[in-house]
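Residue numbers (the numbering used here), protein chains in the order written: chain A, 4 to 310; chain B, 313 to 650.
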């Protein structure tokens with residue numbers, strides 16, 4: 004049984020790798036870089052037919068890579084701060100009656116399907132942002148390159164943050180509970196106020212759990228496909244920080260959401276191989292994430308608290 | 313700054329100590345430094361804010377659901393039509409979700425429990441155990457969209473052709489309830505494995521020793537002593553797995569062929585459905601949202617409401633199981649994710 008699981012993982016890497024190979028073969032690793040127009044390249048792939056020439060494989064997927072990095076980094080950074088603060092709130096500050104409500108509520112937040120988040124995003128938040136937050140002068144300022152509808156970076160990051168925060172809270176809370184109370188009491192006895200004591204002693208003691216939560220949340224954010232495909236505006240456009248505030252409203256696309264957007268083109272060999280190449284990048288980065296998490300946790304292990 | 317310009321501080325007070333707090337008095341936030349007060353306020357805001365967001369989502373979906381959900385929608389099949397009155401309800405997606413859950417759980421329960429038993433009770437050689445554990449970790453960290461593409465690659469092999477429907481030209485599409493369901497079992501596997509393994513590791517050693525002392529073999533110990541004592545852990549794991557399967561969209565969109573109605577393949581009744589294509593509640597919501605093909609927000613809201621009710625019920629079940637074990641105080645959400 005256990006071997007079956009391992010076999011499935013190996014098969015997954017092998018199959019995705021095999022299907023992705025043509026893209027790597029024709030482009031090397033350069034396809035991760037900038038240049039070219041992604042949407043015309045993909046149109047070429049679709050038009051190339053069942054025996055695509057080598058030129059059809061040409062790809063510059065930088066907007067997708069950039070969009071993935073942008074959404075993930077922003078969402079994880081916000082979620083890290085919010086989840087540490089609210090974990091402290093739940094475990095240390097909240098009165099017992101409030102805690103009894105907060106824990107199941109956050110568990111519920113963790114299990115809301117991503118398509119429901121996407122639905123709320125596309126039917127509530129996107130129109131709100133499009134109608135009330137974006138001024139017409141802002142729309143006019145970039146009208147030559149891209150149309151602002153409200154779907155874009157801001158909404159994507161907000162929803163992604165709400166989606167991954169509960170996951171981090173779950174892990175952090177579990178570790179917070181396991182820290183012995185006497186440590187914190189010792190710090191208070193030394194003259195720290197209770198909040199400082201929590202921040203200085205307890206939070207430091209649970210660093211391995213925070214790293215684990217970071218890894219898990221980043222993996223979730225990287226791989227989120229359906230929600231982002233619904234609320235990000237789905238244009239292969241790289242938001243430009245040089246546009247000032249408008250940057251927040253510009254549409255984008257991530258690797259995972261692009262797979263959903265183009266999945267109907269899978270039967271065209273060139274595009275199919277491209278989609279598998281994106282999936283391979285996701286798989287590889289998820290793998291590297293857990294390796295990185297393990298390596299970071301090694302020196303922190305000494306302080307680890309076991310519940 | 314030189315030492316001489318500094319103001320002499322009273323020797324009785326250490327520098328930085330709050331001035332007025334007397335001995336033995338509890339420190340009140342009002343005497344704290346501004347930074348600390350801000351941090352305290354931020355913690356309250358973050359915690360309460362999240363609760364408010366969750367409440368807003370549930371209330372909003374409830375409001376929309378009650379507004380748009382009609383009993384007729386639940387029991388009529390989706391149909392092609394020009395106006396919203398003709399396109400029917402979502403009986404097929406509900407059945408599709410049920411079918412996918414069934415296939416996924418039936419496949420993942422033996423896998424998950426078997427792997428957990430082996431890890432917790434045997435686990436030799438150690439390197440193999442470590443590989444198995446980390447491969448389950450990898451499965452947990454893999455995005456569902458990648459798992460979906462993997463499933464597509466596998467089921468397009470001619471070896472698996474009997475499991476999915478074929479195009480008229482004989483090409484294998486690799487899309488069917490079996491394909492989607494078996495990939496769903498990968499999604500449900502990690503929570504199931506983790507819950508069972510943690511339960512087994514928590515069984516005290518003296519229970520095993522008592523069983524051996526009574527002359528039971530290892531297998532008999534597992535069957536008669538260990539499995540019954542981790543029954544509630546397995547139930548938690550299964551429930552978490554079910555809620556994962558119900559909530560997953562990417563696998564359905566890619567592997568179930570995006571037909572709203574259940575379309576059986578071949579003439580044999582039961583197997584035909586399994587080989588055929590269809591939809592689930594999640595893909596129905598996706599298709600009916602403005603991002604999908606048939607934009608009908610009312611129906612998307614109604615279906616999403618049904619989805620939320622299912623998720624709420626599953627959450628309540630997990631809670632109930634946890635409470636009957638007596639660990640309601642500690643938030644054990646982690647099993648849901650890791």
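Heads up, the beta-carbon is just placed ideally off N, CA and C, and yes, glycines get one too. None of the values given here were measured: they were computed from a predicted structure.
If you draw a 10 Å sphere on the C-beta of residue 359/B, you find 16 or more other C-beta atoms in it, and that means buried.
In this model, residue 348/B and residue 211/A are separated by some 24 Å (Cα to Cα). Against chain B, the CB of residue 284/A has no partner CB under 7 Å away; the residue lies outside that interface. For residue 266/A, the neighbours in chain B by C-beta distance under 8 Å run, in chain order, 565 and 566.
The stretch 116-128 of chain A makes no contact with the stretch 35-43 of chain A: fewer than 3 CB pairs, one atom from each, lie closer than 8 Å.
339, 344, 348, 351, 352, 354, 355 and 356: these are the residues of the stretch 336-357 of chain B whose beta carbon lies less than 7 Å from some beta carbon of chain A, given in chain order. For residue 539/B, no chain A residue has a C-beta closer than 7 Å to its own C-beta; the minimum C-beta separation is roughly 14 Å. When DSSP states are grouped into helix, strand and coil, residue 589/B belongs to the strand group.
Beta-carbon to beta-carbon, residue 220/A and residue 79/A are separated by about 6 Å, close enough to satisfy the 8 Å threshold. Rounded to the nearest whole angstrom, the CA to CA distance from residue 243/A to residue 506/B is 43 Å. Cβ atoms of residue 182/A and residue 209/A come within 8 Å of each other, at about 6 Å. Here the stretch 404-420 of chain B lies against the stretch 485-503 of chain B, with 3 or more beta-carbon pairs under 8 Å apart. For residue 448/B, the chain A residues whose C-beta falls within less than 9 Å of its own C-beta are 5, 8, 9 and 12, listed in chain order. In the structure shown, residue 526/B falls within a coil segment according to DSSP collapsed to helix, strand and coil. The C-alpha of residue 437/B is placed about 58 Å away from the C-alpha of residue 131/A. Legend: CB atoms of the stretch 67-85 of chain A lying less than 7 Å from CB atoms of chain B belong to residues 85. By the criterion of a C-beta distance shorter than 7 Å, residue 293/A is surrounded in its chain by 218, once the five residues flanking it on both sides are discounted. Close to chain A, meaning a Cβ-Cβ distance shorter than 7 Å, are the following residues of the stretch 583-603 of chain B: 594, 597, 598, 601, 602 and 603.
Distances from the alpha-carbon of residue 373/B to those of 615/B, 427/B, 635/B and 625/B put 615/B closest. In this structure, residue 176/A and residue 237/A do not form a Cβ contact; the two beta carbons are roughly 35 Å apart against a cut-off of 8 Å. For a Cβ distance threshold of 8 Å, nothing in chain A lies close to residue 432/B: the least Cβ distance comes to about 11 Å.
Interface residue (Cβ-Cβ distance to chain B less than 7 Å): residue 116/A is classified as such. For residue 574/B, the closest Cβ of chain A is not nearer than 7 Å. Residues of the stretch 197-213 of chain A with a C-beta atom less than 8 Å from some C-beta of chain B are 197, 198, 199 and 202, listed in chain order.
Shown here, residue 400/B sits in coil according to DSSP, grouped into three states, outside any helix or strand. A residue is called buried once 16 or more other Cβ atoms fall within 10 Å of its Cβ, and residue 468/B is buried on that count. Annotation: residue 550/B has no Cβ neighbours in chain A at a cutoff of 7 Å; minimum Cβ distance is about 14 Å. Pairwise C-beta distances place the stretch 615-624 of chain B in contact with the stretch 105-122 of chain A, as three or more of them are shorter than 8 Å.
Here residue 236/A carries a strand assignment [DSSP, helix/strand/coil].
Nearest neighbour of residue 10/A by Cα position, chosen from 540/B, 529/B, 575/B and 451/B, turns out to be 451/B.
Setting aside the 5 residues that flank it on each side, residue 272/A is surrounded in the same chain by 53 and 55, each with a C-beta closer than 7 Å to its C-beta; the list follows chain order. Look at the stretch 220-242 of chain A: the residues with a C-beta under 7 Å from a C-beta of chain B are 222, 225, 226, 228, 229, 232 and 233. Going by DSSP, residue 29/A is part of the alpha helix (DSSP H) stretching over 5-30. With a 10 Å radius around the Cβ and a threshold of 16 neighbouring Cβ atoms, residue 600/B comes out buried.
For residue 15/A, the nearest CB of chain B lies under 7 Å from its own CB, placing it at the interface with that chain. If you ignore the 5 residues before and after residue 30/A, its C-beta comes within less than 6 Å of the C-beta of 62, all in its own chain and listed in chain order.
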